């Protein structure tokens, strides 16, 4: 059997994965807080036809190894945490982090997740929640609640401090948004809904275990997390022109591998016909 058949099949599978990644990026071009993915390839084991030899003093020179590659495989699918473009909405509950931080939300089971999507709203009880109804946490790791019976409106400054305005026009500090910064954002696990789950490769403790998100929540130290901008949202960092170009490259690569399979099949057909 020709090696080119197996190599081309692996190439078609690899480019199919690339098209899957590109398709998902394009589908999320308008998703708030979405971070695009990229796929990286690497060659698989090469078959050594002839080994290398060292040069001999006063004799023959050295020769290089003769190897035939056996195809390609997916090496990694990375999440690119480059900043997306801010979109102005003028809604005080829409938040944008101008930096490397993440918001922290909590579901009914007290499971905590990280997100860059700041399209929050106030529910009927005054809780600041995301579209799934998960509660946004403050710097102490507690859900943020704004008593609508006490305050007629609220503001959020660049430090994440939430201030409520009373009917008398006075301003009270309610709480402060909590943010999280991890050393390797690419190590976070996507769980859907623009949410991320903390893993050991994103942030580790001294004992080389994954810490809890609540242990990483920023304690009013916003310099490294970034400033909070109210009335703006971070849009997807997908570049359509780049994705279309990559899609054309993947399409041509898939076609070229399919052509190699066709040529290999023609060669095998000629070998079979030699007996006639």
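Numbering (the numbering used here), first residue to last: 74 to 349. Virtual Cβ for every residue (Gly too), placed ideally from N, Cα, C. Predicted, not measured: the structure shown is a model, and the values here were computed from it.
| Item | Value |
| --- | --- |
| Nearest by alpha-carbon distance to residue 305: which of 149, 166, 135 and 95 is it? | 166 |
| List the endpoints of the continuous alpha helix (DSSP H) containing residue 331. | 313-346 |
| Would you identify the three-state DSSP class for residue 192, choosing helix, strand or coil? | strand |
| Can you name, in chain order, every residue of its own chain whose Cβ lies under 6 Å from the Cβ of residue 110, other than the five neighbours on each side? | 94, 150 and 152 |
| Quick one: what's got a C-beta closer than 6 Å to residue 132's C-beta in the same chain, skipping five residues either side? | none |
| With distance defined between alpha-carbon atoms, name the residue in 156, 214, 168 and 194 nearest to residue 186. | 214 |
| In chain order, what residues of the same chain lie with their CB nearer than 7 Å to the CB of residue 143, ignoring the 5 residues before and after it? | 76, 79, 80, 117, 118, 119 and 120 |
| So residue 184 and residue 203 are supposed to be a Cβ contact under 8 Å. How far apart are they, rounded? | Actually they are not in contact, since the Cβ atoms of residue 184 and residue 203 sit about 13 Å apart, beyond 8 Å. |
| Straight-line CA distance for residue 284 to residue 260? | 13 Å |
| Per DSSP, residue 123 forms a beta bridge with which residues? | 139 |
| Are the CB atoms of residue 97 and residue 112 within a distance shorter than 8 Å? | no |
| Between residue 328 and residue 86, what straight-line distance do the alpha-carbon atoms span, to the nearest angstrom? | 12 Å |
| List the residues that DSSP assigns as beta-bridge partners of residue 151. | 111 |
| Given this structure, state the Cα-to-Cα distance separating residue 331 from residue 322, to the nearest angstrom. | 14 Å |
| At what residues does the alpha helix (DSSP H) containing residue 85 begin and finish? | 76-100 |
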